[in-house]
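FYI, in full-length UniProt numbering the residues of the sequence shown are 1 to 322.
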Amino acid sequence: MSYLDATVDVYKEAALTPDIGLCCTTNPIWELPGLKIPRIMQEMNYGCGSTVNARDLTNEPKMLYVGVGGGMELLQFAYFNRHKGGVVGVDVVDEMLEASRKNFIEAEAMNPWFKSEFVDLKKGDALNLPVADNTIDVAAQNCLFNIFKAEDLKKAIEEMYRVLKPHGRLVMSDPTCEQPMNDELRNDDRLRALCLSGSLPIAEYVKALTDVGFGTIEIRARKPYRILNPGDYPTDELIYIESIEIAAIKDPMPEDGPCIFTGKAAIYYGREDYFDDKKGHILLKNQPLAICDKTAQAIADLGRNDIFISESTYHYDGGGCC
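If you want it as structure tokens, here you go:
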């Protein structure tokens, strides 16, 4: 059995019998006026964090969500696009698609504004999305890409890039791990299906996105997720896994490389009212400005003693230099 087959089996079981402990969700459900989440959707929220922020969802974007779970995130997205087919949900597991359809009926009863037709559920594979080129404003996945081995991960990211409109964004939450895993753990198909043995270091994850062509990367959060301990897993030491929330934006690739935001900021504290690097970055005196890592390095290379550059916080909430 391949790891992809194992994944289908895991989520088929989770669709037929909700498994509350399958993933450790690290964010509460959205609290929005008039939005009520059925309990069954919460029990089938098989993610490792939050994906899309409300600021991604202005002007009724066309949205795609891959790996539908119990439909909770699809319902949340439909709150921002209340039109037939405004949200597209794709899943390879028939039982999960059917579970979402049933859950939408319950959501309709609890939310007078919601209609099941707002969500277009499609049978499909993340490696071959049943979606036309350049048609999606916001694409998202939660705790899915982490299962893919290197070549499949590249293909999945390419597919997302293909369907996004220019300046569209791919928003994701996945486990990451800086510690090396032994071959037994890394190659365990069922653990990979559970998003536990395929975790990449953040730098490798970001490189996979920029290699496909995403010109802007935002690391929005980095949170504790799981511990793999020797008593329960084939490892000789504790392995710490984090959940990372990240947005990859289909901006043109700058000539000097991608803009990657890891939560750095610059503060000018010199004698003038502001500092202008003549490259589009103006620092007002004693006013922190979010900057991408590339800009941080360029400013550091100036060797000034009146500009402070913070370390990466791995939290970025928009705005800033680019």
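Each residue gets a CB set at the ideal place from its N, CA and C atoms; glycine is no exception. These numbers were taken from a predicted model, which means no experiment stands behind them.
For residue i versus residue j, is the C-beta distance shorter than 7 angstroms?
i	j	result
TYR240	PRO175	no
ASP276	ILE267	no
ASN45	MET72	yes
VAL131	ASP56	no
MET110	LYS36	yes
PRO258	GLY318	no
VAL87	VAL119	yes
ASP125	ALA6	no
ILE147	GLY198	yes
GLU31	LYS84	no
ASP273	LYS285	yes
ASP183	ARG162	no
LEU127	LYS155	yes
GLU245	SER310	no
ALA15	GLU95	yes
Is it buried or exposed, residue i, if we count other Cβ atoms within 10 angstroms and call 16 or more buried?
i	result
PRO38	buried
GLU242	buried
SER2	exposed
ARG271	exposed
ASN81	buried
residue 337	Outside the shown range of the chain (1 to 322) lies residue 337, about which nothing can therefore be said.
ALA296	buried
PHE308	exposed
ALA203	exposed
ASN103	buried
ILE299	buried
In the DSSP assignment, the alpha helix (DSSP H) including residue i goes from what residue to what residue?
i	result
GLN42	39 to 43
VAL8	3 to 16
residue 326	Residue 326 lies beyond the stretch modelled for the chain, which goes from 1 to 322, so this question has no answer here.
ARG101	94 to 110
ASP189	189 to 193
MET72	72 to 78
ASP183	183 to 186
Who are residue i's beta bridge partners in DSSP?
i	result
CYS259	THR216
TYR268	LYS285 and ILE307
GLN141	VAL66 and MET172
LEU164	ILE136
PRO224	GLU242
ALA290	ALA265
LEU200	THR176
ILE157	DSSP lists no partner for ILE157.
ASN128	ASP125
Output the boundary residues of the beta strand (DSSP E) element that contains residue i.
i	result
TYR233	Counting along the chain, TYR233 falls outside any beta strand (DSSP E), and DSSP gives it neither H nor E.
PHE275	274 to 276
LYS123	119 to 123
Go through its chain and collect everything with a Cβ distance to residue i's Cβ below 7 angstroms, but skip five positions before and after it.
i	result
SER312	THR262, GLY263 and LYS264
LEU194	VAL10
ARG304	none
ASP152	LEU127
For residue i, which residues of its own chain have a beta-carbon under 6 angstroms away from its beta-carbon, when the five flanking residues on both sides are left out?
i	result
MET63	PHE77, VAL87 and VAL138
GLY89	TYR65, VAL68, LEU74, VAL119 and LEU121
ALA248	LEU170, LEU209, PHE214 and ILE217
PRO234	GLU184 and LEU185
LEU97	ASP91 and LEU121
LYS149	none
PRO201	GLU178
ARG222	GLU242, ILE244 and TYR314
For residue i, which residues of its own chain have a beta-carbon under 8 angstroms away from its beta-carbon, when the five flanking residues on both sides are left out?
i	result
TYR316	GLU218, ILE219, ARG220, PHE261, THR262, GLY263 and ALA290
TYR269	LYS285, ASN286, ASP306, ILE307 and PHE308
GLU108	PHE114, LYS115 and SER116
ASP236	ASN182 and PRO230
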